[in-house]
Every structure is written in C-alpha cells, then in structure tokens.
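In full-length UniProt numbering, the protein residues as written are 1 to 76.
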C-alpha cells in the first residue's frame, strides 16, 4: 500500500522485492497505484484517476505460478 511521506512522494510497502519492483516500474511508465479496498483498486493512469471494481482475485498457487486479478473499469 502506498504511503505519502513528504508532499508528492509515495513509498510502497511490498510483500516481496519482485512486487515492489513491478509497482515501481509501472509508476515510472505513468501508472501509479493509489489505493485498494476489498471492492476496488484505484490507480492514476497517465494523469487520470481510474477506479477498477474487483470482480475476482485468483491467489498465487504453485500450479499456475501466478496471481490474477479481474477488474472492471468505471470508464465507458
């Protein structure tokens, strides 16, 4: 989850170094993770605030070797 330490600076608490690297890389390309609730994820996409409704979360497992999130944008 992001924490704002100084005005305009975000620091993320990642569960793993890989997760932290992915979020940082996305931020460098204009996609900034802002918040998550049990029902939604909010990101800034190229300067525009967008909220995705979470439809399903498929947790990481050793068979698939990945985690997936299915969401729906509020943009039409």
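Heads up, the beta-carbon is just placed ideally off N, CA and C, and yes, glycines get one too.
Keep in mind the model is a prediction, meaning the values are calculated, not measured.
State the Cα-Cα distance for the pair residue i and residue j, rounded to the nearest angstrom.
i          : j          : result
residue 64 : residue 48 : 33 Å
residue 18 : residue 50 : 24 Å
residue 11 : residue 40 : 20 Å
residue 9  : residue 55 : 30 Å
From the DSSP output, read off the bridge partner residues of residue i.
i          : result
residue 61 : 66
residue 71 : 54
Closest by CA to residue i, which one among the options?
i          : options        : result
residue 70 : 61, 57, 62     : 57
residue 44 : 38, 55, 59, 28 : 28
Leaving aside the five residues before and after residue i along the sequence, list all residues of the same chain whose C-beta is less than 8 Å from its C-beta, in chain order.
i          : result
residue 74 : 50, 51, 52, 53
residue 62 : none
So, helix, strand or coil for residue i, using DSSP?
i          : result
residue 48 : strand
residue 79 : There is no way to answer for residue 79, as the model of the chain reaches only from 1 to 76.
residue 42 : strand
Less than 7 Å between the CB of residue i and some heavy atom of the ligand FMN, yes or no?
i          : result
residue 39 : Only the bare structure without any ligand can be found here, which leaves the ligand FMN out of the picture.
Between residue i and the rest of its own chain, which residues show a CB-CB distance below 7 Å, the 5 nearest in sequence each way excluded?
i          : result
residue 46 : 30
residue 60 : 66, 67
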